Amino acid sequence: MKKEKPLVLISSCILGEKVRFNGGHTRLDWVTEKLAKYVDFLPICPEMAMGMGTPREQIHIEYKKGEQPKLIGRSGKTIVNQ
(Lines of atoms letter the chains of each structure in order from A and count residues from 1; the text may use other names and numbers.)
(Lines give C-alpha, C1' and ligand atoms only; values in the text may rest on other atoms or scores of the structure.)
Protein backbone atom coordinates (compact mmCIF):
# COMPACT_ATOMS: atom_id res chain seq x y z
CA MET A 1 0.00 0.00 0.00
CA LYS A 2 1.40 3.37 -1.05
CA LYS A 3 1.72 5.93 1.75
CA GLU A 4 -0.19 9.15 1.14
CA LYS A 5 1.99 12.27 1.04
CA PRO A 6 1.04 15.37 3.06
CA LEU A 7 -0.57 18.21 1.14
CA VAL A 8 1.31 21.51 1.37
CA LEU A 9 -0.09 24.91 0.36
CA ILE A 10 2.56 26.72 -1.69
CA SER A 11 2.89 29.87 -3.75
CA SER A 12 2.43 29.06 -7.44
CA CYS A 13 5.47 31.12 -8.45
CA ILE A 14 7.77 28.87 -6.37
CA LEU A 15 6.67 25.94 -8.52
CA GLY A 16 7.61 27.89 -11.66
CA GLU A 17 4.23 29.29 -12.68
CA LYS A 18 4.59 32.71 -14.31
CA VAL A 19 2.24 34.58 -11.97
CA ARG A 20 4.50 37.20 -10.36
CA PHE A 21 3.89 40.94 -10.77
CA ASN A 22 6.36 41.08 -13.67
CA GLY A 23 5.06 37.95 -15.42
CA GLY A 24 7.93 35.84 -14.11
CA HIS A 25 8.36 33.17 -11.46
CA THR A 26 10.69 32.33 -8.57
CA ARG A 27 10.99 28.58 -9.12
CA LEU A 28 13.05 26.89 -6.42
CA ASP A 29 14.74 23.71 -7.62
CA TRP A 30 15.05 22.18 -4.14
CA VAL A 31 11.27 22.47 -3.80
CA THR A 32 10.33 21.11 -7.22
CA GLU A 33 13.02 18.43 -7.37
CA LYS A 34 13.60 17.34 -3.76
CA LEU A 35 10.68 18.32 -1.53
CA ALA A 36 8.18 17.20 -4.17
CA LYS A 37 9.27 13.59 -3.54
CA TYR A 38 7.82 13.79 -0.02
CA VAL A 39 4.77 16.06 -0.31
CA ASP A 40 2.00 16.98 -2.72
CA PHE A 41 1.52 20.66 -3.46
CA LEU A 42 -1.60 22.77 -3.55
CA PRO A 43 -0.40 25.83 -5.51
CA ILE A 44 -2.06 29.22 -5.09
CA CYS A 45 -1.33 32.80 -6.06
CA PRO A 46 -3.43 35.14 -3.89
CA GLU A 47 -3.03 38.05 -6.30
CA MET A 48 -4.23 36.00 -9.26
CA ALA A 49 -7.07 34.57 -7.16
CA MET A 50 -8.16 38.18 -6.48
CA GLY A 51 -8.27 38.79 -10.23
CA MET A 52 -5.23 41.09 -10.33
CA GLY A 53 -3.68 39.41 -13.37
CA THR A 54 -0.10 39.65 -14.58
CA PRO A 55 1.83 41.78 -15.18
CA ARG A 56 0.64 44.03 -12.37
CA GLU A 57 1.88 46.70 -10.02
CA GLN A 58 4.00 45.45 -7.11
CA ILE A 59 2.06 45.51 -3.85
CA HIS A 60 2.74 45.28 -0.13
CA ILE A 61 0.63 45.07 3.01
CA GLU A 62 0.53 48.22 5.12
CA TYR A 63 -0.28 47.92 8.81
CA LYS A 64 -1.24 50.93 10.94
CA LYS A 65 -2.18 50.75 14.59
CA GLY A 66 -5.95 50.76 15.05
CA GLU A 67 -6.67 50.22 11.34
CA GLN A 68 -7.35 47.23 9.12
CA PRO A 69 -4.39 46.20 6.92
CA LYS A 70 -4.34 47.64 3.38
CA LEU A 71 -2.82 46.40 0.13
CA ILE A 72 -0.84 49.30 -1.31
CA GLY A 73 0.63 49.45 -4.81
CA ARG A 74 4.15 50.69 -5.48
CA SER A 75 2.53 53.90 -6.79
CA GLY A 76 1.00 54.48 -3.34
CA LYS A 77 -2.53 53.67 -4.52
CA THR A 78 -4.67 51.57 -2.16
CA ILE A 79 -5.49 48.32 -3.96
CA VAL A 80 -7.59 46.66 -1.24
CA ASN A 81 -8.73 48.12 2.07
CA GLN A 82 -10.23 45.43 4.32
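FYI, in the numbering used here the residues of the sequence shown are 4 to 85. Every residue gets a Cβ at the ideal spot worked out from N, C-alpha and C, and that includes glycine. Source: prediction; values computed, not measured.
Helix, strand or coil at residue i according to DSSP, with G and I counted as helix
i	result
leucine 31	coil
serine 78	coil
lysine 37	helix
glutamate 65	strand
proline 46	strand
With 16 other Cβ atoms within 10 Å as the buried cut-off, status of residue i
i	result
valine 42	exposed
arginine 23	buried
serine 78	exposed
Nearest candidate by alpha-carbon position, reference residue i, set the options
i	options	result
arginine 59	Phe44, Gly76 and Leu45	Gly76
phenylalanine 44	Lys5, Ser15, Lys80 and Lys6	Ser15
Residue i vs residue j beta-carbon contact at 9 Å
i	j	result
lysine 46	glutamate 20	Looking at the sequence shown, residue 46 is not lysine but proline. Yes, the pair counts as a contact, with Cβ atoms nearer than the cut-off.
isoleucine 2	histidine 28	Any question about residue 2 goes unanswered here, given that the chain covers just 4 to 85.
valine 83	methionine 53	yes
Report yes or no: do three or more beta-carbon pairs, one from the stretch 31-41 and one from the stretch 58-78, lie closer than 8 Å?
-> Counting Cβ pairs under 8 Å, fewer than three are found: no touch.
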